[in-house]
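Heads up, the thing below is written out as C-alpha coordinates.
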Amino acid sequence: MESPAPAFEAELDLAESGASTARARAFARQLLLRHGYRGLVDDVVLVVSELVANALRHGRGAPRLRLSVTAVGVRVEVADSGRELPVSLPPGPHGGRGLHMVERLGRRWGFEDMGQGKGQGKVVWCELRA
3 MESPAPAFEA ELDLAESGAS TARARAFARQ LLLRHGYRGL VDDVVLVVSE
53 LVANALRHGR GAPRLRLSVT AVGVRVEVAD SGRELPVSLP PGPHGGRGLH
103 MVERLGRRWG FEDMGQGKGQ GKVVWCELRA
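Each residue of the sequence shown is one higher than the one before, counting from 3 in the working numbering.
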(Lines of atoms letter the chains of each structure in order from A; the text may use other names.)
(Lines give C-alpha, C1' and ligand atoms only; values in the text may rest on other atoms or scores of the structure.)
Protein backbone atom coordinates (compact mmCIF):
# COMPACT_ATOMS: atom_id res chain seq x y z
CA MET A 3 0.00 0.00 0.00
CA GLU A 4 1.38 3.39 -1.00
CA SER A 5 1.63 6.18 1.56
CA PRO A 6 -0.21 9.43 0.86
CA ALA A 7 1.89 12.29 -0.50
CA PRO A 8 3.31 14.45 2.28
CA ALA A 9 1.45 17.66 3.07
CA PHE A 10 4.82 19.00 4.18
CA GLU A 11 8.31 17.77 4.95
CA ALA A 12 11.15 19.35 6.87
CA GLU A 13 14.70 18.39 7.83
CA LEU A 14 17.00 19.62 10.55
CA ASP A 15 20.73 18.91 10.75
CA LEU A 16 21.79 18.55 14.36
CA ALA A 17 25.12 18.78 16.16
CA GLU A 18 26.74 15.98 18.15
CA SER A 19 25.62 17.63 21.37
CA GLY A 20 23.15 16.96 24.14
CA ALA A 21 21.52 20.31 23.29
CA SER A 22 20.43 18.81 19.97
CA THR A 23 17.65 16.84 21.63
CA ALA A 24 16.00 20.02 22.94
CA ARG A 25 16.55 21.74 19.58
CA ALA A 26 14.88 18.82 17.76
CA ARG A 27 11.90 18.87 20.15
CA ALA A 28 11.39 22.62 19.67
CA PHE A 29 11.73 22.30 15.88
CA ALA A 30 9.15 19.49 15.72
CA ARG A 31 6.67 21.25 18.00
CA GLN A 32 6.87 24.57 16.14
CA LEU A 33 6.61 22.91 12.75
CA LEU A 34 3.58 20.79 13.67
CA LEU A 35 1.73 23.67 15.31
CA ARG A 36 2.53 26.09 12.45
CA HIS A 37 1.11 23.66 9.90
CA GLY A 38 -1.97 22.74 11.97
CA TYR A 39 -1.09 19.10 12.60
CA ARG A 40 -4.24 17.42 13.94
CA GLY A 41 -2.61 14.57 15.83
CA LEU A 42 -1.11 14.47 19.29
CA VAL A 43 1.81 16.89 19.03
CA ASP A 44 3.23 15.83 22.40
CA ASP A 45 3.45 12.20 21.23
CA VAL A 46 5.37 13.21 18.11
CA VAL A 47 7.70 15.42 20.16
CA LEU A 48 8.39 12.54 22.58
CA VAL A 49 9.22 10.19 19.68
CA VAL A 50 11.53 12.86 18.20
CA SER A 51 13.23 13.23 21.57
CA GLU A 52 13.79 9.50 22.01
CA LEU A 53 15.07 8.87 18.49
CA VAL A 54 17.45 11.84 18.56
CA ALA A 55 18.72 10.92 22.04
CA ASN A 56 19.34 7.34 20.85
CA ALA A 57 21.21 8.59 17.77
CA LEU A 58 23.41 10.76 19.98
CA ARG A 59 23.98 7.99 22.54
CA HIS A 60 24.40 4.97 20.26
CA GLY A 61 25.06 6.38 16.78
CA ARG A 62 27.93 8.24 15.15
CA GLY A 63 28.19 11.63 13.62
CA ALA A 64 25.74 14.46 13.63
CA PRO A 65 22.13 13.24 13.39
CA ARG A 66 19.61 14.52 10.87
CA LEU A 67 15.91 14.78 11.75
CA ARG A 68 13.27 14.53 9.05
CA LEU A 69 9.51 14.95 9.51
CA SER A 70 7.04 13.98 6.79
CA VAL A 71 3.43 14.88 7.56
CA THR A 72 0.43 13.61 5.61
CA ALA A 73 -3.32 13.79 6.14
CA VAL A 74 -3.20 10.51 8.08
CA GLY A 75 -0.12 11.00 10.25
CA VAL A 76 3.54 11.82 10.57
CA ARG A 77 6.74 9.90 9.93
CA VAL A 78 9.73 10.81 12.09
CA GLU A 79 13.15 9.78 10.77
CA VAL A 80 16.51 10.23 12.47
CA ALA A 81 19.64 9.39 10.48
CA ASP A 82 23.21 9.01 11.70
CA SER A 83 26.39 7.51 10.30
CA GLY A 84 26.68 4.77 12.93
CA ARG A 85 26.68 1.06 12.16
CA GLU A 86 24.96 -0.09 15.36
CA LEU A 87 21.34 -0.96 14.58
CA PRO A 88 18.68 -0.31 17.24
CA VAL A 89 17.63 -3.08 19.59
CA SER A 90 14.66 -2.82 21.90
CA LEU A 91 16.05 -3.86 25.30
CA PRO A 92 14.04 -4.81 28.38
CA PRO A 93 13.42 -1.71 30.51
CA GLY A 94 15.62 -1.50 33.56
CA PRO A 95 17.37 0.92 35.89
CA HIS A 96 19.99 1.79 33.25
CA GLY A 97 17.73 2.39 30.25
CA GLY A 98 15.76 0.41 27.74
CA ARG A 99 12.60 2.51 28.02
CA GLY A 100 13.05 4.72 24.94
CA LEU A 101 12.19 2.29 22.16
CA HIS A 102 9.37 0.83 24.26
CA MET A 103 7.79 4.30 24.35
CA VAL A 104 8.33 4.66 20.60
CA GLU A 105 6.66 1.27 20.06
CA ARG A 106 3.66 2.26 22.18
CA LEU A 107 3.17 5.72 20.70
CA GLY A 108 3.76 4.84 17.08
CA ARG A 109 1.69 2.84 14.63
CA ARG A 110 4.94 1.16 13.61
CA TRP A 111 8.67 1.77 13.74
CA GLY A 112 11.82 0.36 12.23
CA PHE A 113 15.18 1.15 10.70
CA GLU A 114 16.97 1.11 7.38
CA ASP A 115 20.64 0.27 6.97
CA MET A 116 21.78 2.90 4.48
CA GLY A 117 24.94 1.05 3.52
CA GLN A 118 23.52 -2.48 3.19
CA GLY A 119 25.82 -3.66 5.98
CA LYS A 120 28.78 -1.53 4.89
CA GLY A 121 28.55 0.89 7.81
CA GLN A 122 27.37 3.94 5.89
CA GLY A 123 24.77 4.78 8.47
CA LYS A 124 21.17 4.11 9.28
CA VAL A 125 17.79 5.77 9.57
CA VAL A 126 15.52 4.93 12.50
CA TRP A 127 11.90 5.85 11.88
CA CYS A 128 8.49 5.86 13.52
CA GLU A 129 5.05 6.49 12.04
CA LEU A 130 2.27 8.01 14.15
CA ARG A 131 -1.39 8.47 13.23
CA ALA A 132 -2.94 11.92 13.18
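For glycine and all other residues, C-beta sits at the position ideal for the given N, C-alpha and C.
For the putative contact between residue i and residue j, defined by C-beta atoms under 8 angstroms, what is the C-beta separation to the nearest angstrom?
i: residue 64; j: residue 100; result: 20 angstroms between Cβ atoms; not a contact.
i: residue 113; j: residue 126; result: 5 angstroms
i: residue 132; j: residue 40; result: 5 angstroms
i: residue 62; j: residue 82; result: 6 angstroms
i: residue 13; j: residue 66; result: 6 angstroms
Distance, Cα to Cα, residue i vs residue j?
i: residue 130; j: residue 69; result: 11 angstroms
i: residue 89; j: residue 18; result: 21 angstroms
i: residue 42; j: residue 80; result: 19 angstroms
i: residue 48; j: residue 87; result: 20 angstroms
i: residue 25; j: residue 95; result: 26 angstroms
i: residue 27; j: residue 51; result: 6 angstroms
i: residue 117; j: residue 60; result: 17 angstroms
i: residue 107; j: residue 128; result: 9 angstroms
Which word fits residue i, buried or exposed, when buried means at least 16 other C-beta atoms lie within 10 angstroms of its C-beta?
i: residue 15; result: exposed
i: residue 36; result: exposed
i: residue 7; result: exposed
i: residue 53; result: buried
i: residue 57; result: buried
i: residue 3; result: Bear in mind that a pLDDT of 45 at residue 3, under 50, signals an unreliable position, so the model cannot answer this.
i: residue 123; result: buried
Thinking C-alpha only, which one of the options is nearest residue i?
i: residue 84; options: 115, 44, 74 and 128; result: 115
i: residue 33; options: 46, 59, 60 and 92; result: 46
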